[in-house]
Structure formats: structure tokens, C-alpha cells
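Single-structure report; data block below.
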Amino acid sequence: YMITVLTTVGFGDITPSTTLGKIHFIIVISIGLALYGYFISTLASILSEEKLAKMFPGLYGYFTDGGKMSGHAIIIGWNQYAKNAYEEFSLNSVEAVVIVNDDEEAKRLNRDGIKAYAGSLDDPSTYEKLRFDYARGILITYTDPKESIVSILKIRRSTRKSIIISLILDEELVDVIKQAGADEVINIAEVGGRLLANSLIEPKATHLEIDMLSRGGLDVMEYEIKDNLKDKDIETVSSKINSHILAISRDDQYILKPPNKFRLRRGDRLILIGISEEMESDINRLDKE
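So the number in the working numbering is just where the residue sits in the sequence shown, counting from 1, plus 109.
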């Protein structure tokens with residue numbers, strides 16, 4: 110009844126006869142139409158935008174939540190380091206999401222095909238929506254050590270489970286970053302500086318190193334030994350793949366060039382080197398062995 114009266118001229122059974130009544134009636138109808146139209150359009154906009162944003166996040170520039178993501182990577186901040194890390198995750202079929210502070214930047218990244226979430230590390234919902242406790246790890250990509258330290262402290266305040274890896278540009282800050290709560294610290298300046306010097310001293314070897322860090326060509330991969338391969342020796346495993354076993358990681362120790370009769374344990378990690386295009390097939394063979 111209210112909708113009918115507010116949005117039409119009524120049922121027609123009662124009509125104003127005086128001039129004042131007609132003016133009052135026109136005002137009521139106008140206000141009713143405006144309020145009703147505003148309410149319906151706002152509601153429709155909210156419902157349709159949220160629904161379509163979830164269905165087509167790239168189109169609308171939104172990433173609402175992580176759903177049931179697990180084993181994913183979370184990248185804090187956006188710069189060239191973050192971009193290269195995101196691309197590397199994509200090449201290795203690892204789901205990744207980027208967290209930025211600016212809503213417009215998140216929309217732009219999503220439209221470019223990069224899964225980005227606009228949120229704050231001070232907001233508990235950020236950790237819930239992106240499932241920090243279920244992530245493979247978190248990358249801190251800020252070049253400003255203050256931003257890195259603050260981000261790590263905020264994350265550690267909300268979760269102790271997540272593995273945090275942070276980049277730095279100053280070797281003297283390694284201990285400080287670790288004390289803040291980072292599990293691993295990568296000194297980008299040291300890595301870049303050594304490659305730069307070696308490109309002059311040993312250009313061919315350095316070119317090979319860079320090739321292993323870039324797309325395609327020669328690649329290095331890590332593979333965890335499961336129950337199907339435990340107690341088998343290196344010779345048996347090597348015969349199943351085209352890649353070469355460069356080393357084995359066991360109990361935080363590296364065994365370089367393990368002998369053929371070396372027996373594997375569950376949880377050992379093989380460090381493989383080979384052609385990028387062949388490595389995926391090698392991994393599949395090991396999984397099915």
C-alpha cells in the first residue's frame with residue numbers, strides 16, 4: 110500500500126479537491142518517488158556490483174577475499190621486485206595475491222590480471238580473508254627497512270604460523286629484520302652486486318646463473334621426497350628423470366653431488382637442475398613413481 114501510494118497517484122478512490130491539497134499531494138508523490146528510486150537504485154547497485162565483482166574480479170578491479178585458498182603466496186607491497194616474484198609464482202603454478210594500501214592501485218592491478226587486495230595489515234579481516242595461516246609464505250617487498258619492520262611486526266602480532274621472507278638492501282639490517290620476526294632475509298644488493306662483478310670476471314658462468322633465475326632455458330627446482338620415494342637411492346631416482354640432482358637438503362644441511370647409493374628419507378629435498386620445459390614432466394614422474 111505504501112509503495113503504491115508513494116510511487117503513483119494512489120488507487121484513485123480518494124483525490125484532493127482543493128488547491129492546497131493538490132499541492133501537498135504533488136509534494137508527497139515527488140518525495141516518495143525520489144526516495145523509492147534512490148533506495149532501489151542504491152540497493153541494485155550494491156548487489157549487482159558485489160556479485161559481479163566476485164564473478165569477474167578483473168573486469169571490476171576487485172579482489173574480495175581468498176575463499177578457500179591454501180598453499181598460496183602473499184606479497185606485501187608492489188614494485189619491480191614484487192612484480193618479478195608474482196610472475197615467478199605464476200610460472201610455477203603457485204597462486205599468489207598482492208596486498209596494497211590503495212584501492213585504486215588494487216583495481217588497476219586486478220584489471221591487469223594481477224590478483225590484488227586493497228587492505229591494511231592493521232585490519233584483522235585482511236588476515237581472515239586472505240587466509241594468512243594457510244599460506245605457503247609471505248614476501249615483504251618494501252625497499253624501506255622501516256616499512257618492512259613495521260609490516261613484519263604487524264603480521265607477527267596476528268599470526269605466528271606464517272613464514273615471512275623479507276628483502277633488504279643493507280647487510281647490517283639482517284639481524285634487525287630477523288628479530289622483528291622474519292624467517293628468511295634476502296639481501297638483494299649482495300646478490301645483484303656479486304652478479305654484476307662476476308659478469309666481468311666470469312661472463313659465461315654469470316650468464317648461466319642469470320639464465321637459471323629467468324624464464325625458460327636452464328632452471329633449478331626443489332622437490333620434496335614423499336613416502337613413495339623414501340629408502341630409494343640416488344641412482345634409482347636419477348634414472349627416472351632427465352634433470353640432474355645437484356644436491357640434497359636434509360636437516361638444514363646440504364649434501365652436494367650425493368653418491369649413487371645414497372638413500373633418501375621422507376622430507377629430504379632434491380635440488381634439481383635441468384631444462385625448464387622438461388622439469389614439469391620430471392616432477393610428474395617422481396610423483397607417480
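For every residue, glycine included, the Cβ atom is placed at its ideal position computed from N, Cα and C. Since we're looking at a predicted model, the values are computed, not measured.
| query | Three or more beta-carbon pairs under 8 Å between the segment 372-385 and the segment 347-357, yes or no? | reply | yes
| field | residue 362 - partner residues in DSSP beta bridges | value | 359
| query | Any idea if residue 186 is buried or exposed, counting beta-carbon neighbours within 10 angstroms, 16 or more meaning buried? | reply | buried
| query | Does any C-beta atom of chain B lie closer than 8 Å to the C-beta of residue 279? | reply | Going by chain labels, chain B is absent from the structure shown, which holds only one protein chain.
| message | According to DSSP, simplified to helix, strand and coil, what is residue 178? | response | coil
| field | Backbone secondary structure at residue 351 - three-state DSSP | value | coil
| Helix, strand or coil for residue 251 per DSSP? | coil
| Is it true that the CB of residue 291 sits closer than 8 Å to the CB of residue 274? | yes
| request: Tell me whether the beta-carbon of residue 194 lies closer than 8 Å to the beta-carbon of residue 250. | output: yes
| query | Based on the DSSP output, what are the partners of residue 294 in its beta bridges? | reply | 275
| Beta-carbon separation (whole angstroms), residue 183 vs residue 247, contact threshold 8 Å | 5 Å
| field | residue 328, DSSP secondary structure in three states | value | strand
| query | Expressed to the nearest angstrom, what Euclidean distance is found between the alpha-carbon atoms of residue 401 and residue 138? | reply | Outside the displayed range of the chain (110 to 398) lies residue 401, so it cannot be described from this structure.
| Given residue 209 as reference, the closest of 223, 363 and 388 once Cα atoms are compared | 223
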